[in-house]
Amino acid sequence: MLAEASAAIIVGFNVRPDAVAAAHAENAGVDMRLYSVIYDCINEIEAAMKGMLAPKTREVVLGMAECRNVIKIKSVGTIAGSYVKSGVIQRGGGVRVIRDGIVIAEDSIASLQRFKDAVKEVKEGYECGIGLEKFNDLKEGDMFEVYTIEEYRD
1 MLAEASAAII VGFNVRPDAV AAAHAENAGV DMRLYSVIYD CINEIEAAMK
51 GMLAPKTREV VLGMAECRNV IKIKSVGTIA GSYVKSGVIQ RGGGVRVIRD
101 GIVIAEDSIA SLQRFKDAVK EVKEGYECGI GLEKFNDLKE GDMFEVYTIE
151 EYRD
């Protein structure tokens, strides 16, 4: 019951649960791990602790956009008039600027506009204005690959 309340894992070494306890744990969704070799138990707990300390991350590509027009505004900087070719473009997401198949910059999206409105995201098939935080040397034909970093556990 304690493992159920705290969403814990029950670890056992050289023991077997009785039928009532095993049935209750299964109904409650409690994970029971039983070992007969102590090194297997130690290695698995050590791996779980390392996973708790430093979660692994992966990059998830959200979408691609093509720069079709470059607009220079004095107070704002350089804005890329873009067309979203696939997925979704999100403000605040990481972005790679790709020119002729080569990544020339990695930055993040500072502003995302749809007509005169600032928006959080623009979906596939729509046009938008993309302003990057640092990189300003944009050219027509540049591709923007927008991604996010996601944490996961094994």
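My numbering applies: residue 1 is where the sequence shown begins, and numbers increase by one.
Ideal placement from N, C-alpha and C gives every residue a C-beta, glycine not left out.
{"query": "With a threshold of 7 Å on Cβ separation, who are the neighbours of R68 within its own chain once the five nearest residues in sequence on each side are excluded?", "result": "G81, S82, Y83 and E140"}
{"query": "If you draw a straight line from the alpha carbon of D31 to that of I9, how long is it in whole angstroms?", "result": "5 Å"}
{"query": "Answer yes or no: do T148 and G94 have a C-beta to C-beta separation smaller than 8 Å?", "result": "yes"}
{"query": "Which one of G125, A118 and E106 has the shortest CA to CA distance from K134?", "result": "E106"}
{"query": "In the DSSP output, what is C67 paired with across the bridge?", "result": "S82"}
{"query": "Near G92, what residues of its chain come up, given a Cβ to Cβ distance below 7 Å and the 5 sequence neighbours on each side ignored?", "result": "S108 and I109"}
{"query": "Give me the Cα-Cα distance between A28 and E4, rounded to the nearest whole angstrom.", "result": "6 Å"}
{"query": "For the beta strand (DSSP E) holding S108, just list the boundary residues, first then last.", "result": "I102 to R114"}
{"query": "By Cβ distance, which residues of its chain are closer than 6 Å to E150, with the 5 residues on each side in sequence left out?", "result": "R58 and V60"}
{"query": "Would you identify the three-state DSSP class for A118, choosing helix, strand or coil?", "result": "strand"}
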